[in-house]
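Report on one structure; see the data block that follows.
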Amino acid sequence: MPQTVKGVVAMAEGAPVEVVDVIVPDPGPGEAVVTVQACGVCHTDLHYREGGINDEFPFLLGHEAAGVVEAVGEGVSDVAPGDFVILNWRAVCGHCRACHKGQPQYCFATHNAQQKMTLTDGTELSPALGIGAFIEKTLVAAGQCTKVADADPAAVGLLGCGVMAGFGAAVNTGGVTRGDTLAVFGCGGVGNAAIAGGHLAGASKIIAVDIDDRKLEWAKKFGATDVVNSSNVDPVEAIRALTGGFGADVVVEAVGRPETYEQAFYARDLAGTVVLVGVPTPDKQVTLPMIEIFGRGGALKSSWYGDCLPSRDFPMLVDLYNQGRFDLDAFVSERISLGDVESAFDKMHRGEVLRSVVML
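Just so you know, we're using this note's numbering here: the sequence shown kicks off at -10 and counts up by one.
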């Protein structure tokens, strides 16, 4: 029987979010209802509220979440009621050309629940990244549920987006391994996750770049060996000086701006790799001399969701967290309620938090 629960909805572009009643239907074939225990406040949610993703208002916000499966629909076998899961926005199809090539982390046909959650007047909601988890219970495709070992939902739920994106940008996309040098532009949640990933992978030197000294202090806690405040010095020259004049093997750009991408491009070593994981707005463009692209070799890559495969990466990272080897707790700046999401957006915009986490 459909349930009425409380959820955080962006009703119109730029308008403050509201806590409203939401109707959650019973799960249909291939779907699951999940009792949400915790959900991180990600910058992508703010992009939705500001109309930066699309104009399909009203949006049910929230997507970095963990919780317990309450019910599943017909044909669901991978998860069952009572399973502790992290929600993901890459429910692989198993049938597209990427999946057929054995590369499901690039699945081109990821899917969401077919039914819609609604307001009490029947207005259909657009769930953020196909999830919508600032809510007591949410309806998702069963493939969006990844079963993991029991752990603090506030910490491990962050693997659902930002932490996985940053970690994967360094490790999966960038291929950072032992002895490599890594530079990261932008030390918010995603950038610091890239730093933590490089540290875990054995990078010999990790250089954090930002314009905020507070964020650079955070970066040190995640494994940065050196920090550069690019408002005071040329970050390209600083990175070269810290790498014997060569530049870094892998440079992760976690800002999404043309000027920082250009700096990342010139801060890499010959045959090095640049990874773009910062999300640019549609109007942003970058111009680089083709002779420099040709002459430097290497690779210019984009990282979408850290090139992750949730069924592979989430359980591994939760195990590392439970072993004390991957400090997800350090990303949790505060624990808040559903009614505090709007103020959390303000704190995030001011750079005061890595992640505010809604507890339900």
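We put the CB at the ideal spot given by N, CA and C, even for glycine. Quick caveat: nothing in here was measured; it's all calculated off a predicted structure.
Option nearest LYS290 by Cα separation, candidates ARG301, GLU281, GLY261 = Numbered from its first residue, the sequence shown carries residue 290 at position 301. Residue GLY261 is the option with its Cα nearest to LYS290.
Determine, using beta-carbon pairs with one atom in the region 225 to 237 and one in the region 203 to 212, whether at least three such pairs fall under 8 angstroms.
-> no
Per-residue burial, SER292 [other beta carbons within 10 Å of its own, 16 or more giving buried] | Here residue 292 refers to the residue found at position 303 of the sequence shown. Under this definition SER292 is a buried residue.
Range covered by the beta strand (DSSP E) that runs through LYS(-5) = As a working mapping, residue -5 is identified with position 6 in the sequence shown. Start and end: -8 to -1.
Hey, does ARG344 have any beta-carbon neighbour from chain B nearer than 9 angstroms?
-> In summary, chain B is missing from the structure at hand, where a single protein chain is found.
Please name the residue or residues paired with ALA27 in a DSSP beta bridge.
-> One-based indexing of the sequence shown puts residue 27 at position 38. Beta-bridge pairing links ALA27 to ALA55, MET348.
Contact between the region 102 to 109 and the region 30 to 43: three or more CB pairs below 8 angstroms?
-> no
So, is SER345 buried or exposed, given that buried needs 16 or more other C-beta atoms within 10 angstroms?
-> If you number the sequence shown from 1, residue 345 lands on position 356. Answer is buried; the Cβ neighbour count reaches 16.
Between which two residues does the alpha helix (DSSP H) containing ASP335 stretch?
-> Taking the sequence shown and counting its residues from 1, the one referred to as residue 335 is at position 346. Taken as a continuous stretch (DSSP letters only), the alpha helix (DSSP H) holding ASP335 covers 330 to 338.
Within this structure, are the beta carbons of VAL240 and VAL263 separated by less than 9 angstroms?
-> Counting from 1 along the sequence shown, the entry for residue 240 is found at position 251. Counting from 1 along the sequence shown, the entry for residue 263 is found at position 274. Cβ distance < 9 angstroms, so VAL240 and VAL263 count as in contact.
Since I believe ALA143 is in contact with MET348 (beta carbons under 8 angstroms), could you give me their beta-carbon distance rounded to a whole number of angstroms?
-> As a position in the sequence shown, residue 348 is number 359, starting the count at 1. As a position in the sequence shown, residue 143 is number 154, starting the count at 1. With 8 angstroms as the limit, MET348 and ALA143 qualify as a contact, their Cβ atoms being about 6 angstroms apart.
Of the listed residues ALA122, ALA69, PHE73, nearest to GLY29 (C-alpha basis) = By one-based count along the sequence shown, residue 29 stands at place 40. It is ALA122.
What's the C-alpha gap between SER193 and GLY236?
-> What you label residue 193 is simply residue 204 of the sequence shown in a count that begins at 1. What you label residue 236 is simply residue 247 of the sequence shown in a count that begins at 1. One C-alpha to the other measures close to 13 angstroms.
Can you tell me whether GLN133 is buried or exposed, with buried defined as 16 or more other CB within 10 angstroms of its CB?
-> Here the question's residue 133 lines up with position 144 in the sequence shown. Result: buried.
Could you tell me the distance, in whole angstroms, from the CA atom of GLY340 to the CA atom of GLY168?
-> Within the sequence shown, numbered from 1, the residue matching residue 340 stands at position 351. Within the sequence shown, numbered from 1, the residue matching residue 168 stands at position 179. Rounded to the nearest angstrom, the two C-alpha atoms are 32 angstroms apart.
Is it buried or exposed for ARG324, if we count other Cβ within 10 angstroms and need 16 for buried?
-> In the sequence shown, counting from the first residue as 1, residue 324 sits at position 335. So ARG324 ends up on the exposed side.
Check whether PHE320 and GLY180 have beta carbons under 9 angstroms apart = Your numbering for residue 320 matches position 331 in the sequence shown. Your numbering for residue 180 matches position 191 in the sequence shown. Taking 9 angstroms as the Cβ cut-off, PHE320 and GLY180 do not qualify as a contacting pair.
What are the boundary residues of the beta strand (DSSP E) that GLU7 is part of?
-> Residue mapping note: residue 7 aligns to position 18 of the sequence shown, counting from 1. First-last of the beta strand (DSSP E) with GLU7: 7 to 13.
From the DSSP output, which residues share a beta bridge with VAL199?
-> Start at 1 with the first residue of the sequence shown, and residue 199 comes out as number 210. First, the amino acid is wrong: residue 199 is Asp here, not Val. DSSP, once it has assigned bridges, lists ASN218 as partnering ASP199.
Taking C-alpha atoms, which residue in ASP238, TYR95, VAL173, PHE211 lies nearest to TRP78?
-> The residue labelled residue 78 in the question sits at position 89 within the sequence shown. Nearest C-alpha to TRP78: TYR95.
Locate the beta strand (DSSP E) running through ILE325, then write down its first and last residues.
-> The residue given as residue 325 occupies position 336 in the sequence shown. 323 to 325 is the span of the beta strand (DSSP E), which, as asked, contains ILE325.
To which residues does DSSP link ALA130 through a beta bridge?
-> On the sequence shown, residue 130 is found 141 positions in, with the first residue counted as 1. ALA130 pairs with GLU20.
Where does THR232 fall in DSSP's three states?
-> Here residue 232 corresponds to residue number 243 of the sequence shown, with the count starting at 1. The answer is coil: DSSP assigns THR232 none of H, G, I, E or B.
Indicate whether the contact test is met: 3 or more Cβ pairs, each with one atom in the region 107 to 122 and one in the region 293 to 312, closer than 8 angstroms.
-> no
How big is the Cα-Cα spacing for PHE46 and ALA80?
-> On the sequence shown, position 57 is the one that residue 46 refers to. On the sequence shown, position 91 is the one that residue 80 refers to. Whole-angstrom Cα-Cα distance: 23 angstroms.
Nearest to GLY19 by CA position, among ILE280, THR(-7), LYS90, GLU63, is which residue?
-> Position 30 of the sequence shown, counting from 1, holds the residue named residue 19. Considering only alpha carbons, the answer is GLU63.
Nearest to PHE174 by alpha carbon, out of THR270, VAL137, PRO247?
-> Position 185 of the sequence shown, counting from 1, holds the residue named residue 174. Looking at the Cα atoms, PRO247 is the closest of the given residues.
At 4 residues or longer, and completely inside the region 31 to 81: list those alpha helix (DSSP H) runs for me, N to C.
-> 32 to 38
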